[in-house]
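Take a look at the structure below.
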Amino acid sequence: MNSSAKKIRAISIAITTSVFIPGGSAIAANLAYGETAFKEVEYLATNLAGRSVGTQKEQESIDYLTQRLEDFGYEPNLQDFTYEFSGQTLESPNIIATREGTSDKQIIVGAHYDNAPSSSTLDRSNLQGVNDNSSGVAVLLELAQRLEANPENTVKFVLFGAEEIGLVGSEYYANNMSQTEIDNTLVMVNLDSLIIGDKMYFNAGASAATAPELGVYRDLALDIAADLGIDAETNPGLNPNYPEGTGCCSDLESFDGLVPVLAAEATNWEIGEKDGYTQTSNPNVPGGATWHDPATDNLTFINEVFPGLIEERTQNYTQVFDTLLSTLNDSNTSTSVPEPTTALGTFIAVMIGGLLRKRDVDE
């Protein structure tokens, strides 16, 4: 999550040996949900700790993530941008992998790959960033691996740089979208900090507070989670600065107001200042939060205090979003995906056809 703003039962499937080759969606069909994501979390944390802007580990992360997307059959592009930080002019890229669809519509799935930088009082050169944000990157990679060729809607997987110093990469991406691209974007999905928290959340952007139709993808995600037997909630709005059903403080903000957004996170919006910053009531977590702390946002601490949680959350979020992408890309669903260009998709196609006719009358 961004340090410059206030922060903010799964289906069991037999696990087979993981093999990564180009055209990874065929291999992914034989893997348990979350299997790839869990391994990616471990790799990023163990081998690419301290991946903040301007560091060698940032560059190693870019190289690694580009290679992983190539392994899954993509041809990633780097969208370079420059910015000022700590008196230096730096350059970072957004890593963009596209699976072209058969329609002119698109879905953006994003996660930031950078870690929070060191400060004058805290050395973060060894920050693993398991929660923030190896988890989001890892789930994105598995979703990319699982997505079959020729979906109905184009899906763009975007790994954003420089999120932790002010959403720099995502703002650059959003600011460079053409009007046609904006009009054709069904939803931007943001994956950030998916592990540490008492609860799983799906939130819309702040704009949904005054335009309720923008919450339709949040509601679809919650409906899918319920169908899968996965406990998930949305921000209850106990803090008036963060209205019910909305989230904040990550790359979703760069897109909110341009396109509908759906943000996933793990935290607890009902404790502390009720702003999503206090993640857990577990007394073993100092202050109830692990944000940007090398002592707590690491594999050893998380596995000791929350055994099995990394596996659980990567599995659950991957399953929900894989199902969501399949639902939105299924031309045989009883209700078509909305046209987003007029009156916000005619109230997002009458709330995506009653949430796809309440998931085909609860199947």
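Okay, so the sequence shown: first residue is 1 according to UniProt numbering, each after it adds one. C-beta atoms are modelled at their ideal positions from N, C-alpha and C, and glycine is treated no differently. Note that the structure is a prediction, hence the values are computed from the model and not measured.
Can you tell which of N282, R124, E152 has the C-alpha that lies nearest to the C-alpha of residue 380? As shown, the chain starts at 1 and ends at 363. That puts residue 380 outside it, with no answer to give.
Taking three-plus beta-carbon pairs below 8 Å as touching, is the region 175-186 in contact with the region 117-136? no
Please state whether the Cβ-Cβ distance between R51 and N115 is less than 8 Å. The residue labelled residue 51 in the question sits at position 51 within the sequence shown. The residue labelled residue 115 in the question sits at position 115 within the sequence shown. Yes, the pair counts as a contact, with Cβ atoms nearer than the cut-off.
Classification of E273 by the beta-carbon crowding that lies within 10 angstroms, buried from 16 upward: Sequence index remark: in the sequence shown, residue 273 carries index 273 (1-based). Looking at its Cβ environment, which holds fewer than 16 other Cβ atoms inside 10 Å, E273 is exposed.
Backbone CA spacing between W291 and N239 [nearest angstrom]: Working through the sequence shown from its first residue, we reach residue 291 at position 291. Working through the sequence shown from its first residue, we reach residue 239 at position 239. Rounded to the nearest angstrom, the two C-alpha atoms are 20 Å apart.
In its own chain, which residues sit with a C-beta less than 8 Å from the C-beta of L143, not counting the 5 before and 5 after it? Working through the sequence shown from its first residue, we reach residue 143 at position 143. Around L143: V109, F157, T318, F321, D322, L325.
Identify every run of the beta strand (DSSP E) within the region 229-303, keeping only runs that are complete inside it and at least 3 residues long; order them along the chain. 261-267
For L167, does the three-state DSSP call read helix, strand or coil? Within the sequence shown, numbered from 1, the residue matching residue 167 stands at position 167. Three-state result, L167: coil.
With which residues is N94 paired in a DSSP beta bridge? Position 94 of the sequence shown, counted from the start, is the residue given in the question as residue 94. Beta-bridge pairing links N94 to Q79.
Taking all protein chains shown into account, do 16 or more other C-beta atoms lie within 10 angstroms of the C-beta of S120, making it buried, or fewer, making it exposed? As a position in the sequence shown, residue 120 is number 120, starting the count at 1. It counts as exposed.
Using CA atoms only, rank isn't needed, just tell me which of S134, M177, K199 is closest to V41. Residue mapping note: residue 41 aligns to position 41 of the sequence shown, counting from 1. Closest by C-alpha distance to V41, out of S134, M177, K199, is S134.
G161 and P93 - do their beta-carbons sit closer together than 8 Å? Indexing the sequence shown from 1 puts residue 93 at position 93. Indexing the sequence shown from 1 puts residue 161 at position 161. Yes. Within cutoff.
Between which residues of its own chain and T102 is the CB-CB distance below 7 Å, once the five residues before and five after are set aside? Here residue 102 corresponds to residue number 102 of the sequence shown, with the count starting at 1. So the list reads N150, E152, once near-sequence residues are dropped.
By the three-class DSSP mapping on this structure, what secondary structure does F72 have? As a first step, residue 72 is located in the sequence shown; it is residue number 72 there, counting from the start. Looking at F72 - three-state DSSP - the assignment turns out to be coil, as it is neither helix nor strand.
Roughly how many angstroms lie between the CA atoms of R99 and V137, to the nearest whole one? Here residue 99 is taken as the residue at index 99 of the sequence shown, counted from 1. Here residue 137 is taken as the residue at index 137 of the sequence shown, counted from 1. Rounded to the nearest angstrom, the two C-alpha atoms are 17 Å apart.
Compute the beta-carbon to beta-carbon distance between S254 and A174, rounded to the nearest angstrom, for a pair I have assumed lies under 8 Å. Numbered from its first residue, the sequence shown carries residue 254 at position 254. Numbered from its first residue, the sequence shown carries residue 174 at position 174. Yes, S254 and A174 are in contact; Cβ-Cβ is about 4 Å, under 8 Å.
Along the chain, where does the alpha helix (DSSP H) that runs through G136 open and close? Here residue 136 refers to the residue found at position 136 when the sequence shown is read from its first residue. Residues 135-146.
Spatial distance of residue 369 from T296 (CA atoms): Nothing in the structure corresponds to residue 369, since the chain is present only between 1 and 363.
Taking F321 as part of the alpha helix (DSSP H), name the residues at either end of that continuous run. Residue numbering aside, residue 321 sits at position 321 when the sequence shown is read from its first letter. Where F321 is concerned, the enclosing alpha helix (DSSP H) stretches over 309-328.
Any contact between the region 190-201 and the region 224-239? By contact I mean 3 or more CB pairs, one from each, below 8 Å. Per the Cβ contact rule, the region 190-201 is in contact with the region 224-239 (3 or more Cβ pairs under 8 Å).
If we call anything under 8 Å between Cβ atoms a contact, is residue 393 one with G205? Any question about residue 393 goes unanswered here, given that the chain covers just 1 to 363.
Contact check, G195 vs V130, beta carbons under 8 Å: In the sequence shown, residue 195 corresponds to position 195, counting from 1. In the sequence shown, residue 130 corresponds to position 130, counting from 1. Per the sequence shown, residue 195 should be read as Ile rather than Gly. Yes, Cβ-Cβ distance for I195 and V130 is below 8 Å.
Closest by C-alpha distance to Y43, when choosing among L65, S86, N30: The residue labelled residue 43 in the question sits at position 43 within the sequence shown. It is L65.
Classify E58 as buried or exposed, calling it buried when 16 or more other Cβ atoms lie within 10 Å of its own Cβ. As a working note, residue 58 is residue 58 in the sequence shown. Buried, since its Cβ has 16 or more Cβ neighbours within 10 Å.
Rounded Cβ spacing between A263 and G247 (contact assumed at less than 8 Å): The count along the sequence shown starts at 1 and reaches residue 263 at position 263. The count along the sequence shown starts at 1 and reaches residue 247 at position 247. That belief holds up - the Cβ atoms of A263 and G247 are roughly 4 Å apart, short of 8 Å.
For T342, count neighbouring C-beta atoms within 10 Å of its own C-beta (all shown protein chains included) and say buried if the count is 16 or more, exposed if not. For this step, residue 342 is matched to residue 342 along the sequence shown. At T342, the pLDDT of 42 sits below 50, so the modelled position is not reliable; the number obtained from the coordinates is stated separately. Burial call: exposed.
For Q56, count neighbouring Cβ atoms within 10 angstroms of its own Cβ and tell me buried if that reaches 16, exposed if not. Mapped onto the sequence shown, residue 56 falls at position 56. Under this definition Q56 is an exposed residue.
Please name the residue or residues paired with I107 in a DSSP beta bridge. Along the sequence shown, read from residue 1 onward, the residue named residue 107 stands at position 107. I107 is bridged to V155, V187.
Span separating the alpha-carbon of P243 from that of P236: Locating residue 243 in the sequence shown gives position 243, counting from the first residue. Locating residue 236 in the sequence shown gives position 236, counting from the first residue. Looking at the two C-alpha atoms, the distance is approximately 8 Å.
Classification of L167 by the beta-carbon crowding that lies within 10 angstroms, buried from 16 upward: Numbered from 1 along the sequence shown, position 167 holds the residue referred to as residue 167. The residue is buried, with at least 16 neighbouring Cβ atoms inside 10 Å.
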